[in-house]
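Residue numbers (UniProt numbering), protein chains in the order written: chain Z, 1 to 215; chain W, 1 to 215. From the three backbone atoms N, C-alpha and C, an ideal C-beta is built for every residue, glycine too. Since this is a predicted model, take the numbers as computed values, not measurements. Working notes for the structure below.
There are 2 protein chains.
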Amino acid sequence: MSDKSQIPDKIISRLPQYYVQLKRLLEKDCQYVSSEKLAEQMELSSSLVRRDLSHFGSFGKKSYGYDIHCLHEKIASIMGFTREKNMIVLGAGYLGRALAHNDSYEERGYQVLALFDVDPAIIGLEFNNTTVLDVDLAPEFIEEHEVEVAALAVPFEAAQKMADMAVNSGVQAIWDFTETPLETPQDIIHIEQNMNDGLCKISCRLMDRSKTKTQ
Amino acid sequence: MSDKSQIPDKIISRLPQYYVQLKRLLEKDCQYVSSEKLAEQMELSSSLVRRDLSHFGSFGKKSYGYDIHCLHEKIASIMGFTREKNMIVLGAGYLGRALAHNDSYEERGYQVLALFDVDPAIIGLEFNNTTVLDVDLAPEFIEEHEVEVAALAVPFEAAQKMADMAVNSGVQAIWDFTETPLETPQDIIHIEQNMNDGLCKISCRLMDRSKTKTQ
DNA sequence: TAGATTGTTAATCGATTAACAATC
DNA sequence: TAGATTGTTAATCGATTAACAATC
């Protein structure tokens, strides 16, 4: 609750980038990296890198740079990768199946325990080593396995109902792939993974381009 | 090329939101909406709404508000929804199959013409009315059908190769679902749909929360 | 010691908000 | 006319950058 725990949102959004870059350097067996070099890799200014990193304490060694190993671990711990988090996927359509497996889950401390669906035809099947269970079993499953995160990959008609179910069963966070505005309690972490926004950006830019061409 | 065509990035990122909200009001048969009301729906300030919208000209009518129909159309046209865009999906795994169909493609002017994969076992299959073709046919297909956008849903080992292929064949934009840093020419629109960032944000927030609890 | 690089303070830049004259 | 609401200008806020003293 101290001010220290309040990392500005802008920095939080750069944290995964720092993490990936540091991991890269680690694999190259580097020991120290300067803010200048890190900035160059990330297309940021070195000033910003130093300012960002200074939020987490003094990791830099003057005239050497930053201890890569140390910083990498620190960032992993700030992002909570060291904490095991149980996750389920609601909806076992193609997207749900895709979400059931991801190379980075393990590194980030996530474990997908099960897929859930209403369709009897796919209940019992296994995708990427994850079994599809009947969605009616979900509430009990969430409680029993202390599931913290639910990925929501159901059709939009079912979205609100499923979200409510997950929240009422004790889930802390919803990783939301539906494109519907969803009502969730204020204390629930609700991350919208809105893919349509990506599409909009693309067509926006294509538009700019064709305009330029015509002129 | 004029200054007018340069809509600030921050506004562009709010455009899809405006679009969705206006669509909603349109369905409710509303004719005018005030900046105050629109702002409330979007959890923005009315000042910002007016400022944003003033970039596109004077749509507001003093003492009435904004003509919803008019504004909705204008924003659709700015985002290039009125322009038909051909798209292909590279990689016909679960994610690729999920990307082959999306309720909003049509409204936004996108059409998915085909899926591509290397696996002979799935070449020829159809998912959501879209056929899987041999990836070797992709270059010719892209040229012939004037494909502008390639969704990249291949394993990370193949990512760079596939991106290069798409770019060399004439694609304008890459909608990138790989979690690998990809090299693309400067004049190519490259949108990273990085899902891991969403996961990072979730664990970050969960971390904050458990910290608070302990204190 | 001279050179490199941090951590931090002050300056700058850009985006949001408040305020209000114009006007329907 | 009185009330509502825009479009825009000035004020504020927050984030980034430049600069530099501290120090390894």
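Chain-order list of residues whose beta-carbon lies under 6 angstroms from that of residue i (same chain, five-residue window excluded)
i, result
"D134/Z", "I123"
"L38/Z", "V49"
"G91/W", "A153 and V154"
"E179/Z", "N196"
"S35/W", "S46, V49 and R50"
"K201/W", "none"
Helix, strand or coil at residue i [DSSP, three-state]
i, result
"A153/Z", "coil"
"V167/Z", "helix"
"Q215/W", "Any reading at Q215/W must be qualified, since the residue scores a pLDDT of 48, below 50, and its modelled position is unreliable; the value itself is stated next. Coil at Q215/W, not helix or strand."
"D67/W", "strand"
"H190/Z", "strand"
"E36/Z", "helix"
"N119/W", "The sequence given here has Asp at residue 119/W, not Asn. D119/W: coil per DSSP, three-state reduction."
"Q111/Z", "strand"
"D103/Z", "coil"
"I7/W", "coil"
"D176/W", "strand"
"V147/W", "coil"
"L137/Z", "helix"
"L182/Z", "coil"
"N129/Z", "coil"
"L90/W", "strand"
"residue 274/W", "Absent from the structure is residue 274/W, since the part of chain W shown begins at 1 and ends at 215."
C-alpha gap between residue i and residue j, whole angstroms
i, j, result
"S45/Z", "Y18/Z", "13 angstroms"
"E192/W", "V20/Z", "15 angstroms"
"E73/Z", "D67/Z", "10 angstroms"
"E140/Z", "M162/Z", "14 angstroms"
"M195/Z", "K62/Z", "43 angstroms"
"A153/Z", "E143/Z", "20 angstroms"
"K4/Z", "F59/Z", "Because the pLDDT at K4/Z is just 38, under 50, the model does not fix this residue reliably, and the point stays unresolved."
"residue 217/Z", "L137/Z", "Any property of residue 217/Z remains undetermined from this structure, which presents chain Z solely from 1 to 215."
"L95/W", "V167/Z", "26 angstroms"
"R97/W", "S47/W", "42 angstroms"
"E146/Z", "S169/Z", "10 angstroms"
"E157/W", "D103/W", "30 angstroms"
"F177/W", "A150/W", "11 angstroms"
"I174/W", "D29/W", "37 angstroms"
"residue 221/Z", "I75/Z", "The question about residue 221/Z has no answer here: the residues shown for chain Z are numbered 1 through 215."
"V118/Z", "T184/Z", "22 angstroms"
"T131/W", "R209/Z", "30 angstroms"
"M42/W", "S77/W", "21 angstroms"
"V89/W", "K211/W", "42 angstroms"
"D164/Z", "I188/Z", "11 angstroms"
"Q160/W", "L71/W", "40 angstroms"
"F116/W", "L115/Z", "27 angstroms"
"A121/Z", "D9/Z", "43 angstroms"
"L125/Z", "G93/W", "17 angstroms"
"N129/Z", "N129/W", "27 angstroms"
"G57/Z", "P16/Z", "18 angstroms"
Closer than 8 angstroms at the beta carbon, the chain Z residues around residue i
i, result
"Y64/W", "Near Y64/W there are no residues of chain Z at all, since even the closest Cβ is about 26 angstroms away, more than 8 angstroms."
"A121/W", "Per Cβ cutoff of 8 angstroms: no residues; A121/W is ~16 angstroms from chain Z at best."
"E179/W", "D103 and S104"
"Q193/W", "M195 and G198"
Cross-chain neighbours of residue i in chain Z, by beta carbon under 9 angstroms
i, result
"L95/W", "Y94, L95, R97, A98 and L99"
"L206/W", "G80, R83, K85, E148, V149, Q172, A173 and I189"
"I68/W", "By Cβ distance, chain Z contributes nothing, its closest Cβ being about 18 angstroms from I68/W, past 9 angstroms."
Chain W contact residues for residue i, given Cβ-Cβ distances below 8 angstroms
i, result
"F81/Z", "S203"
"Q31/Z", "Residues of chain W passing the Cβ test: none, with the nearest at roughly 22 angstroms."
Under 7 angstroms by beta carbon: chain Z residues contacting residue i
i, result
"K28/W", "Those within 7 angstroms of K28/W in chain Z number zero; the least Cβ separation is about 14 angstroms."
"N196/W", "P16 and S104"
"I88/W", "Result: empty, since nearest Cβ-Cβ is about 14 angstroms, beyond 7 angstroms."
Beta-carbon neighbours of residue i, restricted to chain W and to distances below 7 angstroms
i, result
"Y110/Z", "L199"
Assumed close pair residue i, residue j - CB separation to whole angstroms, cut-off 8 angstroms
i, j, result
"S203/Z", "M79/W", "6 angstroms"
"D190/W", "L182/W", "The identity of residue 190/W in the sequence shown is His, whereas the question assumes Asp. Correct: roughly 7 angstroms between the Cβ atoms."
"Q172/W", "E148/W", "5 angstroms"
"R108/W", "M207/Z", "Wrong, their Cβ atoms sit about 12 angstroms apart, outside the cutoff."
"F81/Z", "A100/Z", "The Cβ separation is near 20 angstroms, so there is no contact."
"H69/Z", "L26/Z", "6 angstroms"
Partner residues on chain W for residue i, Cβ-Cβ distance less than 9 angstroms
i, result
"I142/Z", "Chain W residues near I142/Z: none, gap ~15 angstroms exceeds 9 angstroms."
"I11/Z", "What I11/Z touches in chain W: nothing, since even the nearest Cβ is about 10 angstroms away."
Neighbourhood of residue i by C-beta, 7 angstroms cutoff - its chain only, sequence neighbours within 5 removed
i, result
"I7/Z", "H55"
"V33/W", "L25, G65, Y66 and I68"
Residues near residue i in its chain [Cβ-Cβ closer than 8 angstroms; skip 5 each side]
i, result
"I11/Z", "D52 and H55"
"Q111/Z", "E84, K85, N86, M87 and Y105"
"Q31/W", "D67, I68 and H69"
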